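Worksheet for the structure shown next.
There are 4 protein chains.
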Amino acid sequence: MKDKRQQILETALKLFVENGFHATPTSMIAKEAGVATGTLFHHFKTKEELINTLYLETKEILIQALTKQVNEQDTLKSKFRQVFYNAINWAISHPDHQFFYSQYSYSPFISTLTRELGLQRFHVIQELLKEGQENDILKAIPIGLMIDTAQGTLDGITNYLMEHPEKIDDREFTEQAFSMFWDVLKG
Amino acid sequence: MKDKRQQILETALKLFVENGFHATPTSMIAKEAGVATGTLFHHFKTKEELINTLYLETKEILIQALTKQVNEQDTLKSKFRQVFYNAINWAISHPDHQFFYSQYSYSPFISTLTRELGLQRFHVIQELLKEGQENDILKAIPIGLMIDTAQGTLDGITNYLMEHPEKIDDREFTEQAFSMFWDVLKG
Amino acid sequence: MKDKRQQILETALKLFVENGFHATPTSMIAKEAGVATGTLFHHFKTKEELINTLYLETKEILIQALTKQVNEQDTLKSKFRQVFYNAINWAISHPDHQFFYSQYSYSPFISTLTRELGLQRFHVIQELLKEGQENDILKAIPIGLMIDTAQGTLDGITNYLMEHPEKIDDREFTEQAFSMFWDVLKG
Amino acid sequence: MKDKRQQILETALKLFVENGFHATPTSMIAKEAGVATGTLFHHFKTKEELINTLYLETKEILIQALTKQVNEQDTLKSKFRQVFYNAINWAISHPDHQFFYSQYSYSPFISTLTRELGLQRFHVIQELLKEGQENDILKAIPIGLMIDTAQGTLDGITNYLMEHPEKIDDREFTEQAFSMFWDVLKG
DNA sequence: GATGAATGAGCCTTCATTCAT
DNA sequence: TATGAATGAAGGCTCATTCAT
Numbered sequence: 001m002k003d004k005r006q007q008i009l010e011t012a013l014k015l016f017v018e019n020g021f022h023a024t025p026t027s028m029i030a031k032e033a034g035v036a037t038g039t040l041f042h043h044f045k046t047k048e049e050l051i052n053t054l055y056l057e058t059k060e061i062l063i064q065a066l067t068k069q070v071n072e073q074d075t076l077k078s079k080f081r082q083v084f085y086n087a088i089n090w091a092i093s094h095p096d097h098q099f100f101y102s103q104y105s106y107s108p109f110i111s112t113l114t115r116e117l118g119l120q121r122f123h124v125i126q127e128l129l130k131e132g133q134e135n136d137i138l139k140a141i142p143i144g145l146m147i148d149t150a151q152g153t154l155d156g157i158t159n160y161l162m163e164h165p166e167k168i169d170d171r172e173f174t175e176q177a178f179s180m181f182w183d184v185l186k187g
Numbered sequence: 001m002k003d004k005r006q007q008i009l010e011t012a013l014k015l016f017v018e019n020g021f022h023a024t025p026t027s028m029i030a031k032e033a034g035v036a037t038g039t040l041f042h043h044f045k046t047k048e049e050l051i052n053t054l055y056l057e058t059k060e061i062l063i064q065a066l067t068k069q070v071n072e073q074d075t076l077k078s079k080f081r082q083v084f085y086n087a088i089n090w091a092i093s094h095p096d097h098q099f100f101y102s103q104y105s106y107s108p109f110i111s112t113l114t115r116e117l118g119l120q121r122f123h124v125i126q127e128l129l130k131e132g133q134e135n136d137i138l139k140a141i142p143i144g145l146m147i148d149t150a151q152g153t154l155d156g157i158t159n160y161l162m163e164h165p166e167k168i169d170d171r172e173f174t175e176q177a178f179s180m181f182w183d184v185l186k187g
Numbered sequence: 001m002k003d004k005r006q007q008i009l010e011t012a013l014k015l016f017v018e019n020g021f022h023a024t025p026t027s028m029i030a031k032e033a034g035v036a037t038g039t040l041f042h043h044f045k046t047k048e049e050l051i052n053t054l055y056l057e058t059k060e061i062l063i064q065a066l067t068k069q070v071n072e073q074d075t076l077k078s079k080f081r082q083v084f085y086n087a088i089n090w091a092i093s094h095p096d097h098q099f100f101y102s103q104y105s106y107s108p109f110i111s112t113l114t115r116e117l118g119l120q121r122f123h124v125i126q127e128l129l130k131e132g133q134e135n136d137i138l139k140a141i142p143i144g145l146m147i148d149t150a151q152g153t154l155d156g157i158t159n160y161l162m163e164h165p166e167k168i169d170d171r172e173f174t175e176q177a178f179s180m181f182w183d184v185l186k187g
Numbered sequence: 001m002k003d004k005r006q007q008i009l010e011t012a013l014k015l016f017v018e019n020g021f022h023a024t025p026t027s028m029i030a031k032e033a034g035v036a037t038g039t040l041f042h043h044f045k046t047k048e049e050l051i052n053t054l055y056l057e058t059k060e061i062l063i064q065a066l067t068k069q070v071n072e073q074d075t076l077k078s079k080f081r082q083v084f085y086n087a088i089n090w091a092i093s094h095p096d097h098q099f100f101y102s103q104y105s106y107s108p109f110i111s112t113l114t115r116e117l118g119l120q121r122f123h124v125i126q127e128l129l130k131e132g133q134e135n136d137i138l139k140a141i142p143i144g145l146m147i148d149t150a151q152g153t154l155d156g157i158t159n160y161l162m163e164h165p166e167k168i169d170d171r172e173f174t175e176q177a178f179s180m181f182w183d184v185l186k187g
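Protein chains in written order, with full-length UniProt numbering: chain A, 1 to 187; chain B, 1 to 187; chain C, 1 to 187; chain D, 1 to 187.
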């Protein structure tokens, strides 16, 4: 039998995505996870701690996923392409995590923290953006605008793919999508 | 003295933005608005109806704002530019409405509705996008992807401006921002 | 029908005396009082506030009772006698309040406040004690010791009477009891 | 390293005095004592058993302390004086035990038992009281009243000393205090 | 003996909503 | 229209206790 703590985390992720944080009682999580309510609070002092733990774990694996094989590319553009494919592939194959991440990011009760954490998420991209600006490949605009816009564009594309997951295997389509992403950035 | 119904709506908007829907009890809204709890439910049958009313009103004025003076422009690009400025100016001058709108859109308990509504919001843009594709000015890609990406990019830019509101008066900056928006779309 | 708030207070007093604060759930109070749980919390923000309200009210009527007719007496001794009878009569006729008062006073979660409040309770006696010392009628010892001891002696006598309430009508007995109280104090 | 059982008892005493029985979870006792929760319940079947054990031990050493050297005195008064000093010295040097004892005595969930136990505590005094009455040295009043009043007076004095511990070394003061105690009793 | 994860009944409190005035 | 006391289902969390290791 799986570790109860892990079982709770997985169940919580699923239910949060389905119903949202507030509409998911801890009792429901416990029941669905097959544990007692006390067990949930044995592992996570509060509901909020459970949510945060989930977020932190999600962020960690997301960052891992985004970074993969990026540095093995030669040109800056291929590096961006790699990040781009990493991002959309991850979203498609981990839809729950992806939804959870959005939900958490827009949740008002964590506003301040969120921004900072949101940036961490795109740390790889930020580095590439800076590099590209220094080499005059990308637009010469405030880095902050660049980051927010890149993130927005990528989110837009991801949103579409989440609703049309079959497109992920259509290389022509994904290349078109990537060209949009690239066009926002390149100078 | 202002109309009580209106007072409730304004107070609710402010509090929802500050705390989120779920963390804002109707009792708090009533108290802050200076009315009895019964009065709130006299005007709005349920809390959800209050939220929806707020959303509908917001959407209406947002659409009005986005559309303004668009058809007075000659080229497609200037039309997009006009929409772009309309969007960012509105966001900056109505931050509460803007936040409320995002929050509502990402709220899981209205998921199905959201898509549809989100589209309505960008109805102007959609029309322009179609027009641009038909005239081979914009990228020849699925219209859905185009819409989602345009919306994402615009949201990204808006996010940045919300945190740096002083930039709204820096024409050079806003033109750079617009160029990003335009580059995503143009073929 | 009686005022609900009052009904809650009376029921709570009864139950607290029977079971103690901790062993009396608010749900039990509400049910026994014939109101909804929400009603209890509508009138008292927390369980603790309910307890404190009960204490304050009890203290008030106790003080009133102790003071009665004291100043109509001529000698200091008769004043003390009056207070003494006031105290034991009140205890016998309001056993619940009396028990509640003891329980509250010894409750560890209100330690600091208690001392101070306990003194208020015996404000009348304190004044008499000071007067007696100034006139060399009472023992010339630190007033604090005098107060605490007087209170202790009176509590002891009261305790006995609570278990033998019939004695309250035995004038010979009560006079013997009073002589004990008086002997502790007189110089 | 100290015996775990003993460690639990000592920690429990300290915490009960600080927070009261109900506000002291067994988990807190275990943690503070540096043992596992299971260990606590290995030594004491229930929380109540732990409390009772603590009470019994306290009572035992209290009785020992009160009795010390009493029978070595010649007159009844010196015997009372001896008990008196035994009582206040013990209270001052074992404040936690003293507080615990009071708390236990006033705890509503052991009401019935309490009376009986309270009597045991003053068994020495009771014997002396009886002896004194038989020899016409003490007041000729119901022995029950005598016991309760003596206890009350002594508690009052003790309370004062607990708050002014430095007075314990002021022989003039303690003799004044004793005279109060003696005056309540003597005929 | 010792451990600590697991249990689940039960507690305090919240909050959307109703209704008599 | 407006009021606010009253409602009660539901939620987060606690805590004494058990039990497999």
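For each residue, glycine too, the CB sits at the ideal point set by N, CA and C.
Please read these numbers as outputs of a predicted model, since none were measured by experiment.
CB contact check: residue i to chain D, cutoff 8 Å
i: V124 of chain C; result: no
i: Q151 of chain C; result: yes
i: H22 of chain C; result: yes
i: N159 of chain C; result: yes
i: D74 of chain C; result: no
Start and end residues, alpha helix (DSSP H) containing residue i
i: E60 of chain B; result: 47-67
i: P95 of chain D; result: 95-106
i: F181 of chain A; result: 171-185
i: residue 189 of chain A; result: Only positions 1 to 187 of chain A appear in the structure, and residue 189 of chain A is not among them; the question remains open.
i: Q126 of chain C; result: 123-134
i: I29 of chain B; result: 26-33
i: T37 of chain A; result: 37-43
CB contact check: residue i to chain A, cutoff 8 Å
i: G34 of chain B; result: no
i: V70 of chain B; result: no
i: V83 of chain B; result: no
i: D96 of chain B; result: no
Distance between residue j and residue i (C-alpha atoms, nearest Å)
i: S111 of chain B; j: D96 of chain A; result: The pLDDT assigned to S111 of chain B is 49, lower than 50, so where the model puts this residue is not dependable; a value taken from the coordinates is nonetheless given after this. Their Cα atoms are separated by approximately 14 Å.
i: T149 of chain D; j: V35 of chain A; result: 56 Å
i: F21 of chain B; j: T11 of chain A; result: 24 Å
i: K47 of chain A; j: K2 of chain A; result: 21 Å
i: A23 of chain A; j: F16 of chain A; result: 8 Å
i: Y55 of chain D; j: Q98 of chain D; result: 11 Å
i: S102 of chain D; j: D136 of chain C; result: 34 Å
i: T26 of chain C; j: I8 of chain A; result: 32 Å
i: I141 of chain C; j: I51 of chain D; result: 38 Å
i: G38 of chain C; j: T58 of chain D; result: 43 Å
i: M162 of chain B; j: Y106 of chain B; result: 18 Å
i: E32 of chain D; j: L62 of chain D; result: 26 Å
i: H42 of chain A; j: H42 of chain D; result: 21 Å
i: residue 217 of chain A; j: L185 of chain B; result: No answer is possible for residue 217 of chain A: the residues shown for chain A start at 1 and end at 187.
i: residue 201 of chain B; j: E18 of chain A; result: No answer is possible for residue 201 of chain B: the residues shown for chain B start at 1 and end at 187.
i: E175 of chain D; j: I168 of chain D; result: 10 Å
Interface flag, residue i vs chain B, CB-CB below 8 Å
i: I88 of chain A; result: no
i: Y106 of chain A; result: yes
Residue i - partner residues in DSSP beta bridges
i: L9 of chain D; result: Answer is none; L9 of chain D lacks a bridge partner.
i: L138 of chain A; result: A:K186
Chain C within 8 Å of residue i, Cβ atoms only
i: Y101 of chain D; result: no
For this session: Using a Cβ-Cβ cut-off of less than 9 Å, give me the residues of the stretch 166-182 of chain C that come near chain D, in sequence order.
Result: K167, F173, Q176, A177, S179, M180, F181
For this session: Determine which residues of the stretch 132-149 of chain C have a Cβ less than 9 Å from any Cβ of chain D, and write them out in chain order.
Result: K139, A140, I141, P142, G144, L145, M146, I147, D148, T149
Exercise. Of the residues that make up the UniProt domain "HTH tetR-type" (2-62) of chain D, which ones have a beta carbon closer than 9 Å to any beta carbon in chain C?
Worked result: F16, V17, E18, N19, G20, F21, H22, A23
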